[in-house]
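Novice: Before we start, here is the structure in question, set down as structure tokens.
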Amino acid sequence: MLARLLNGDRRALARLLTRIENQDTDAVAMLTALYAYTGRAHLIGVTGAPGTGKSTLVSALTRALRERGRTVALLAVDPSSPFTGGAVLGDRVRMRDLAGDSGVFIRSMASRGGLGGLARTTRDMARALDAAGFDFVLIETVGAGQSEIEIARLAQTVLVVEVPGLGDDVQAIKAGILEIADVLVVNKADRPGAENTVRALRTMLELGHAAARERLRADFTVEDRVENTVLSDWMPPIVQTVASEGRGIGAVIEALDAHRAYLRSNGHWEQIERRQLELELLHRLRDGLLERLLDQLSMGEIGAVIDQVQSRAIDPYTAVSRMLAETTMMIDQSHSER
Amino acid sequence: MTRPIRVLIAKPGLDGHDRGAKIIARALRDAGMEVIYTGLRQTPEMIAEAALQEDVDVVGLSILSGAHMALVPRVREALAAQGLDNVPLILGGIIPEADHAPLRELGAAGIFGPGARTEEIAAFIRQLVNVKPTLEDV
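Heads up: the protein sequence lines correspond to chains A and B, in order. Start counting the first sequence at 1151; every next residue gets the next number (the numbering used here). Start counting the second sequence at 85; every next residue gets the next number (the numbering used here).
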């Protein structure tokens, strides 16, 4: 399977992505096998509010990257219905002129309850595409509001797409999605108000965007936050585009190349990867521990505790610390028995 | 938990009406499926390529142009060229009763006209996918 993936077998790649996405029992073994082949692609996140033109921009970017001889994989995430679990994944509608090119691979995925604009398995899917040898993996998030920043923990470069007229300059100084931008794109720049949007974004950047972003990134790690000041000398460029006509796309690619060159220049690339891996390990540890803890508790026991909390016989804080004390004891015992 | 069924909904050919296709996409979403919607004027090759990349369980074609007798075998051929002989094809649109039997011969697993209930289509897809051998080895 791995050999077929590394040989560029697109069917094998598609099947592997499905297994990863479904978290099939053999998915971890396959991810384990391919991990050694990852770390080569440039992972670029594309995020922004719904309707800003992310899909159109991604499509135009891909076309331009192909003209420059680079291969591109696209992962487009759309939301799952919280009620039925179903989804309509419509990003391919805007990517029709990428058809028939073996240097492009497009995969749509539903968020399947994932928070922060991505699905839980997006990272692993991107890894498979990285191992398959694509130069670029573009990850288009769910149409994001203000706090869908999960993509910053996965991509090396985050491109945030804005459009004229979405908000005033107070929106631009709010915390959140703009702070994770490495490149800002004002799409639909032929619309009135584009200059105002650019000006508001520029003001926001000049007001210490980099420092704010540094704090955000530092929050991601358990390492000494004071030392983590390396990223603050990158000023995100603001690029105006009309993606539907291909205007400004060359400048976006230049910005992406410049960011990559910047990250590569002083070991920033490795530092970012290290922080992201640290976070990933912490998340996986947390998930694994939670699973082990829940294995020790029956739903009946949890139900009984909920009853007590609801009747105010006990408070949620004490309930949790008691349950934790009991379950960790049980885990300790089961370990010493082995 | 069972995995969501993935369905590609495509419109081959030149007619520009995709209201029906969108209604089906929405209905299958409401039935808990993940629907990859490709939009208008897809060539058989584009449909097969999307079916491969998206690794879908079923391909649904919406055809209103009357060209179904020509399009269905071409889509089947394009799917076969990608190694997707086993992916079932279902049809929706305006398709005369007399064409149903020959279309089944040409590889359409199900045919649904304008009167078809969306629940019926979803149930048909579920049953199709369940009889398919699961996770053939890659």
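By construction, the Cβ of each residue, glycine as well, lies at the ideal position given by its N, Cα and C atoms.
Under a CB-based cut-off of 8 angstroms, is Arg160 (chain B) close to chain A?
Specialist: Within the second sequence, the letter at position 76 stands for residue 160 (chain B). Under the Cβ criterion of 8 angstroms, Arg160 (chain B) is not counted among the residues facing chain A.
Novice: Alpha carbons only, please: which of B:Arg201, B:Gln211, B:Val91 and B:Ile195 is nearest the one belonging to Leu136 (chain B)?
Specialist: Within the second sequence, residue 136 (chain B) is the residue found at index 52, counting from 1. The option with the nearest alpha carbon to Leu136 (chain B) is B:Val91.
Novice: By the criterion of Cβ-Cβ separation under 9 angstroms, what are the contact partners of Gly167 (chain B) in chain A?
Specialist: By 1-based counting over the second sequence, the position of residue 167 (chain B) is 83. What Gly167 (chain B) touches in chain A: Arg1161.
Novice: If we define contact as Cβ-Cβ less than 8 angstroms, is Arg113 (chain B) a contact residue for chain A?
Specialist: For the purposes of this step, residue 113 (chain B) is taken as residue 29 along the second sequence, with counting starting at 1. Interface residue, yes.
Novice: When you compare only the Cα positions, how much space is there between Ala1401 (chain A) and Leu1279 (chain A)?
Specialist: Stepping through the first sequence from its first residue, residue 1401 (chain A) is reached at position 251. Stepping through the first sequence from its first residue, residue 1279 (chain A) is reached at position 129. C-alpha separation (whole angstroms): 25 angstroms.
Novice: Starting from the C-beta of Glu1171 (chain A), find all residues in its chain whose C-beta is less than 7 angstroms away, skip the five residues before and the five after it, and write them out in chain order.
Specialist: In the first sequence, the residue the question calls residue 1171 (chain A) occupies position 21. So the qualifying residues of the chain are Met1259, Thr1271 and Met1275.
Novice: With DSSP run on the structure shown, which of helix, strand or coil describes His101 (chain B)?
Specialist: Residue numbering aside, residue 101 (chain B) sits at position 17 when the second sequence is read from its first letter. Three-state result, His101 (chain B): coil.
Novice: Note down, in chain order, all residues in the stretch 1256 to 1284 of chain A with a beta-carbon under 9 angstroms from any beta-carbon belonging to chain B.
Specialist: Residues passing the 9 angstroms Cβ filter: Ile1256, Arg1257, Ser1258, Met1259, Ala1260 and Arg1262.
Novice: Starting from the Cα of Gln126 (chain B), find the closest Cα among A:Arg1165, A:Leu1207, A:Ala1179 and A:Arg1242 and give me that residue.
Specialist: Indexing the second sequence from 1 puts residue 126 (chain B) at position 42. For Gln126 (chain B), the nearest C-alpha among the options comes from A:Arg1242.
Novice: With a cut-off of 8 angstroms, does the C-beta of Arg1165 (chain A) fall near any C-beta of chain B?
Specialist: Reading the first sequence from its first residue, position 15 is the one you call residue 1165 (chain A). At least one chain B Cβ lies under 8 angstroms of Arg1165 (chain A).
Novice: Could you tell me which of A:Gln1426, A:Ala1183 and A:Thr1197 sits nearest to Val1311 (chain A), measuring between CA atoms?
Specialist: Here residue 1311 (chain A) refers to the residue found at position 161 when the first sequence is read from its first residue. Per the Cα distances, A:Thr1197.
Novice: Report buried or exposed for Met1449 (chain A), applying the criterion of at least 16 other Cβ atoms within 10 angstroms of its Cβ.
Specialist: Within the first sequence, the letter at position 299 stands for residue 1449 (chain A). Met1449 (chain A) is classed as exposed because its beta carbon has fewer than 16 other beta carbons within 10 Å across all chains shown.
Novice: Which residues of chain B have a Cβ atom closer than 7 angstroms to the Cβ of Asn1172 (chain A), listed in chain order?
Specialist: Position 22 of the first sequence, counted from the first residue, corresponds to residue 1172 (chain A). Under the 7 angstroms cutoff, chain B gives Arg87.
Novice: Taking DSSP as the reference, what is the three-state secondary structure of Phe1255 (chain A)?
Specialist: Against the first sequence, residue 1255 (chain A) aligns to sequence position 105. Strand, per DSSP.
Novice: For Ala1405 (chain A), which residues from the same chain have a beta carbon less than 7 angstroms from its beta carbon, with the 5 sequence-adjacent residues on both sides left out?
Specialist: As a working note, residue 1405 (chain A) is residue 255 in the first sequence. If we look at Ala1405 (chain A) and ignore the five residues flanking it on each side, its Cβ neighbours are Val1333, Pro1387 and Val1389.
Novice: Measuring straight from C-alpha to C-alpha, what distance separates Val1313 (chain A) and Arg1244 (chain A)?
Specialist: Locating residue 1313 (chain A) in the first sequence gives position 163, where the first residue counts as 1. Locating residue 1244 (chain A) in the first sequence gives position 94, where the first residue counts as 1. One C-alpha to the other measures close to 18 angstroms.
Novice: For Arg110 (chain B), which residues in chain A fall below 8 angstroms Cβ to Cβ?
Specialist: Counted from its first residue, the second sequence places residue 110 (chain B) at position 26. What Arg110 (chain B) touches in chain A: Val1238.
Novice: On a CA-only basis, which of B:Ala206, B:Leu163 and B:Leu98 is nearest Leu190 (chain B)? Give me that one, please.
Specialist: For this step, residue 190 (chain B) is matched to residue 106 along the second sequence. The residue with the shortest Cα to Cα distance from Leu190 (chain B) is B:Leu163.
Novice: Going by DSSP, name the residue or residues bridged to Tyr1467 (chain A).
Specialist: Residue numbering aside, residue 1467 (chain A) sits at position 317 when the first sequence is read from its first letter. DSSP, once it has assigned bridges, lists no residue as partnering Tyr1467 (chain A).
Novice: List the whole-angstrom C-beta distance separating Ala1408 (chain A) from Ile1399 (chain A), where the pair is believed to meet the contact cut-off of C-beta under 8 angstroms.
Specialist: The sequence position of residue 1408 (chain A) within the first sequence is 258, counting from 1. The sequence position of residue 1399 (chain A) within the first sequence is 249, counting from 1. In this structure Ala1408 (chain A) does not touch Ile1399 (chain A) by the C-beta definition: roughly 15 angstroms separates them, more than the 8 angstroms allowed.
Novice: Using a beta-carbon distance cut-off of less than 7 angstroms, what residues from the stretch 133 to 144 of chain B approach chain A?
Specialist: Of all residues in the stretch 133 to 144 of chain B, Glu133, Ala134, Leu136, Gln137, Glu138 and Asp139 have a Cβ within less than 7 angstroms of some Cβ in chain A.
Novice: Using the rule of at least 16 other Cβ atoms within 10 Å of the residue's Cβ for burial, across every protein chain shown, is His1192 (chain A) buried or exposed?
Specialist: Here residue 1192 (chain A) is taken as the residue at index 42 of the first sequence, counted from 1. The residue is buried, with at least 16 neighbouring Cβ atoms inside 10 Å.
Novice: Taking Arg1154 (chain A) as the reference, which of A:Met1180, A:Leu1316 and A:Asp1174 has the closest Cα?
Specialist: Here residue 1154 (chain A) corresponds to residue number 4 of the first sequence, with the count starting at 1. Measuring from the Cα of Arg1154 (chain A), the nearest candidate turns out to be A:Met1180.
Novice: In the DSSP assignment, find the alpha helix (DSSP H) that holds Val1459 (chain A) and state where it starts and stops.
Specialist: As a first step, residue 1459 (chain A) must be located in the first sequence, where it is residue number 309. That run of the alpha helix (DSSP H) goes Met1449 to Gln1460.
Novice: Taking 8 angstroms as the threshold (C-beta atoms), are Val1227 (chain A) and Ser1261 (chain A) in contact?
Specialist: Locating residue 1261 (chain A) in the first sequence gives position 111, counting from the first residue. Locating residue 1227 (chain A) in the first sequence gives position 77, counting from the first residue. Yes. Within cutoff.
Novice: Determine whether the beta carbon atoms of Gly144 (chain B) and Ile179 (chain B) lie at a separation below 8 angstroms.
Specialist: Residue 144 (chain B) sits at position 60 when you count from the first residue of the second sequence. Residue 179 (chain B) sits at position 95 when you count from the first residue of the second sequence. Cβ atoms of Gly144 (chain B) and Ile179 (chain B): not closer than 8 angstroms.
Novice: Determine, for Thr1212 (chain A), whether the minimum Cβ-Cβ distance to residues of chain B falls below 8 angstroms.
Specialist: Locating residue 1212 (chain A) in the first sequence gives position 62, where the first residue counts as 1. Chain B, which has no Cβ nearer than 8 angstroms to the Cβ of Thr1212 (chain A), makes this no.
Novice: Which residues does DSSP list as the beta-bridge partners of Leu1288 (chain A)?
Specialist: As a first step, residue 1288 (chain A) must be located in the first sequence, where it is residue number 138. Paired residue(s): A:Ile1194 and A:Leu1224.
Novice: How far does the beta strand (DSSP E) with Val1208 (chain A) in it extend, from its first residue to its last?
Specialist: For the purposes of this step, residue 1208 (chain A) is identified with residue 58 of the first sequence, where counting begins at 1. Not the beta strand (DSSP E): Val1208 (chain A) falls in the alpha helix (DSSP H), residues Lys1204 to Glu1217.
Novice: Spatial neighbours of Gln166 (chain B) within its chain, please: CB distance less than 6 angstroms, with the 5 preceding and 5 following residues excluded, ordered by chain position.
Specialist: Sequence index remark: in the second sequence, residue 166 (chain B) carries index 82 (1-based). So the qualifying residues of the chain are Ala132 and Leu136.
Novice: For Val119 (chain B), which residues does DSSP report across the bridge?
Specialist: If you number the second sequence from 1, residue 119 (chain B) lands on position 35. Answer is A:Val1238 and B:Val91, bridged to Val119 (chain B).
Novice: Check the Cβ of Ser1394 (chain A) against every Cβ in chain B and list those closer than 8 angstroms, keeping chain order.
Specialist: In the first sequence, counting from the first residue as 1, residue 1394 (chain A) sits at position 244. Going along chain B, no residue has its Cβ under 8 angstroms from Ser1394 (chain A), so there is no contact; the nearest lies around 15 angstroms.
Novice: Just to confirm, is the Cβ distance from Val1254 (chain A) to Val1287 (chain A) under 8 angstroms?
Specialist: Walking along the first sequence from the start, residue 1254 (chain A) turns up at place 104. Walking along the first sequence from the start, residue 1287 (chain A) turns up at place 137. For the pair Val1254 (chain A) and Val1287 (chain A), the CB atoms are not nearer than the 8 angstroms cut-off.
Novice: What does DSSP give as the partner residues of Gln1390 (chain A) in its beta bridges?
Specialist: Here residue 1390 (chain A) refers to the residue found at position 240 of the first sequence. Under the DSSP definition of a beta bridge, Gln1390 (chain A) partners with A:Val1336.
Novice: What are the start and end residues of the beta strand (DSSP E) that includes Gly194 (chain B)?
Specialist: The count along the second sequence starts at 1 and reaches residue 194 (chain B) at position 110. Here the beta strand (DSSP E) through Gly194 (chain B) covers Ala192 to Phe196.
Novice: In three-state terms, what does DSSP make of Arg1397 (chain A)?
Specialist: The residue given as residue 1397 (chain A) occupies position 247 in the first sequence. If DSSP states are grouped into helix, strand and coil, Arg1397 (chain A) belongs with the strands.
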